[in-house]
Amino acid sequence: MLYHSTRSKSYTADSAQAVLNGLAPDGGLYVPASLPTLDVAACLKGSTMDMATDIIGAFLPDIPEMDTLVKKAYTGKFETEELTPTVDTGKFTVLELFRGPTSAFKDVALCMLPQLLTKAKTVKGQKEDILILTATSGDTGKAALAGFCNVDGVRICVFYPDGGVSKVQRAQMVTQEGNNVYVCAVEGNFDDAQTGVKNIFAAAENGVLPGGKGHRLSTANSINIGRLAPQVTYYFKAYADLLHRGVIKMGEQVNFSVPTGNFGDILAGYLAKKLGLPVGKLICASNANNVLTDFIQTGTYDRRRPLLKTISPSMDILVSSNLERLLYLLSGDTELVASLMGQLNKDGFYTVPEDLKAAIDAEFWAGCCDDAQARKTIAKVFREQNYLCDTHTAAGWAVAEEYTEKTGDTRPMVVLSTASPYKFPAAVLSALENADGMDEWAQMERLEALTGVPVPKNLQGLQTKKELHTTVIPKEEMLPFVTAL
Numbered sequence: 038m039l040y041h042s043t044r045s046k047s048y049t050a051d052s053a054q055a056v057l058n059g060l061a062p063d064g065g066l067y068v069p070a071s072l073p074t075l076d077v078a079a080c081l082k083g084s085t086m087d088m089a090t091d092i093i094g095a096f097l098p099d100i101p102e103m104d105t106l107v108k109k110a111y112t113g114k115f116e117t118e119e120l121t122p123t124v125d126t127g128k129f130t131v132l133e134l135f136r137g138p139t140s141a142f143k144d145v146a147l148c149m150l151p152q153l154l155t156k157a158k159t160v161k162g163q164k165e166d167i168l169i170l171t172a173t174s175g176d177t178g179k180a181a182l183a184g185f186c187n188v189d190g191v192r193i194c195v196f197y198p199d200g201g202v203s204k205v206q207r208a209q210m211v212t213q214e215g216n217n218v219y220v221c222a223v224e225g226n227f228d229d230a231q232t233g234v235k236n237i238f239a240a241a242e243n244g245v246l247p248g249g250k251g252h253r254l255s256t257a258n259s260i261n262i263g264r265l266a267p268q269v270t271y272y273f274k275a276y277a278d279l280l281h282r283g284v285i286k287m288g289e290q291v292n293f294s295v296p297t298g299n300f301g302d303i304l305a306g307y308l309a310k311k312l313g314l315p316v317g318k319l320i321c322a323s324n325a326n327n328v329l330t331d332f333i334q335t336g337t338y339d340r341r342r343p344l345l346k347t348i349s350p351s352m353d354i355l356v357s358s359n360l361e362r363l364l365y366l367l368s369g370d371t372e373l374v375a376s377l378m379g380q381l382n383k384d385g386f387y388t389v390p391e392d393l394k395a396a397i398d399a400e401f402w403a404g405c406c407d408d409a410q411a412r413k414t415i416a417k418v419f420r421e422q423n424y425l426c427d428t429h430t431a432a433g434w435a436v437a438e439e440y441t442e443k444t445g446d447t448r449p450m451v452v453l454s455t456a457s458p459y460k461f462p463a464a465v466l467s468a469l470e471n472a473d474g475m476d477e478w479a480q481m482e483r484l485e486a487l488t489g490v491p492v493p494k495n496l497q498g499l500q501t502k503k504e505l506h507t508t509v510i511p512k513e514e515m516l517p518f519v520t521a522l
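Numbering-wise (the numbering used here), the sequence shown opens with residue 38 and increments by one.
So this is what it looks like as structure tokens:
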């Protein structure tokens, strides 16, 4: 299956090579030359593992033995064989994406990506070791570290913004064991770390850094199509659950509200729709860093604003990389995408043509939720639905409510829950009661006692684990840091 860059159809690769490369040579993102076909009705009748095999295999047909890879990726790693269970709260359906080994939605993709990369490496006859470079706003880092820990022929380096993740998220990363893992804090915000990673790729020659140790670069961020394709599965899983419960009949549309900063999670929903899943409106939920909300509402993407630190740090992003894929998928115009990305890099903003704006409006709706509203939503959902959600899920819920109130749309609503509330105990507990004077570990214990919701096993005892990765560097030193690995 042929893939090409979002910025030029001259840069092509089959699906296995696209996974290995991560990023196209011109800095664009790989997109399929034509979208795959799928028997949706048959897919929905299978188990979650079967769905994953069908869907990932459709996007990445040049990687063989997909059924075996899926079983290796997921078996025994999640709390349930469903992987991503849904919960009927009485108002919205919550799609729980945090039942994996690191309690975040990234597990669905980052348990799978190591299998895809190592098999693609074999298929393409690549002998060199792979160096995975990843910037994280909190959840990708730990999920990627856990996924690639001690994988033969692969090293992984994760950069995170110093002071820009929760204490629990930081503890998960800096205590990560493994002989092939590296973690480094960057002085700056997530956009600084993400830009730094992209600059390192730009400095590479044929995927190898000059002056480095000969490793082939790749990425575990959702700019890698091998990260994005597995995420499509849980939209199918949610739809199948609603079918089985009799909430919908086959063919009836379902809306999805998605808290997102880098636009990958919601783009997976759009890809599910393009495969034929009856998806209604895709609702983009932002926090106070509402650059995506403004873009979808106005057609102008403008990152010329301060990046705010919020209680939903995984969405503290102003440069949403995966939006580039949507611009291409809706326009089919690589020259336009290249021009818009060039303008964003040079001027800090761009405005899409009217026909592209109309295409976006047909598929997406957007709203934002600040910290105060997120806290109110956490308290309200726990009080009225007896459901405990994290700060990002609260944004998805609040914007879903806003959408239904403003539009009157009565189609079933699924809210994607992207992380365990225990990854952000300070913010979640403070929404329910006064949490002053307690550290995050004490807050976790209090939250469990107050709500009866157990702390996930993987988050228990983090405070007593030894910190193994404590390096902090200026953003300008990211390239030398990686070259020395």
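Idealized CB from N, CA, C, for every residue including glycine.
Can you name, in chain order, every residue of its own chain whose Cβ lies under 7 Å from the Cβ of residue i, other than the five neighbours on each side?
i	result
F227	A172, S174, P198, G201, D353 and I354
For residue i, which option in the options has the closest C-alpha, if you only look at C-alpha atoms?
i	options	result
L279	T330, V291, T270 and V269	V291
A325	I193, A432, L72 and L170	A432
A275	E442, G94 and C80	C80
G65	L72, S71, P73 and A55	A55
D166	A181, S376 and R192	R192
F386	G336, L106 and A416	G336
D189	P296, L496, V218 and T347	V218
Y307	G298, K235 and G317	G317
P138	Q209, L373 and G233	Q209
M149	S349, L345 and F185	F185
A110	V145, K128 and A141	V145
K443	V465, G404, P462 and A456	G404
E289	F300, G313 and A266	G313
E119	A141, T85, R420 and L134	T85
Is it the case that the Cβ atoms of residue i and residue j are separated by a distance below 8 Å?
i	j	result
T130	V451	yes
G263	R253	no
R136	T112	no
T49	L57	no
V295	I285	no
K143	D176	yes
A322	Q268	no
L182	L97	no
L147	T455	no
Going straight from the alpha carbon of residue i to that of residue j, what length do you get?
i	j	result
A524	V328	The chain is shown only over 38 to 522; residue 524 falls outside these bounds and no answer can be derived.
L393	R340	19 Å
T37	D427	Residue 37 lies beyond the stretch modelled for the chain, which goes from 38 to 522, so this question has no answer here.
F115	K108	12 Å
N258	E391	30 Å
T330	G215	39 Å
K460	Q480	11 Å
K503	K179	15 Å
P493	L516	36 Å
P449	L425	21 Å
G251	G474	50 Å
L319	I333	11 Å
Q231	A95	29 Å
M287	I92	18 Å
E464	T447	First, the residue type needs correcting, since residue 464 is Ala and not Glu in the sequence shown. So the two alpha carbons sit approximately 31 Å from each other.
L366	S357	16 Å
M103	K158	14 Å
D229	Q213	23 Å
K82	H281	10 Å
K310	T507	42 Å
A239	D63	8 Å
N423	V436	19 Å
K235	E421	44 Å
Whose C-beta lies closer than 6 Å to the C-beta of residue i among residues of the same chain, with five residues either side of it excluded?
i	result
R412	A468
W478	Q500
What would DSSP say about residue i, mapped onto helix, strand or coil?
i	result
M450	strand
E361	helix
P138	coil
T455	coil
H281	helix
D63	coil
Y307	helix
P491	coil
F293	strand
I237	helix
F386	strand
V269	coil
D403	Note that residue 403 is Ala in the sequence shown here, rather than Asp. DSSP places A403 in strand when its eight states are reduced to three.
C221	strand
Spatial neighbours of residue i within its chain, please: CB distance less than 8 Å, with the 5 preceding and 5 following residues excluded, ordered by chain position.
i	result
P101	K156 and V160
V519	L168, L170, C194, I237, L246 and G249
H41	S47, Y48, T49, A50, A61, Y67, V68, A70 and T371
L487	L466, L469 and E470
V374	T43, R44, G65, E361, L364, Y365 and S368
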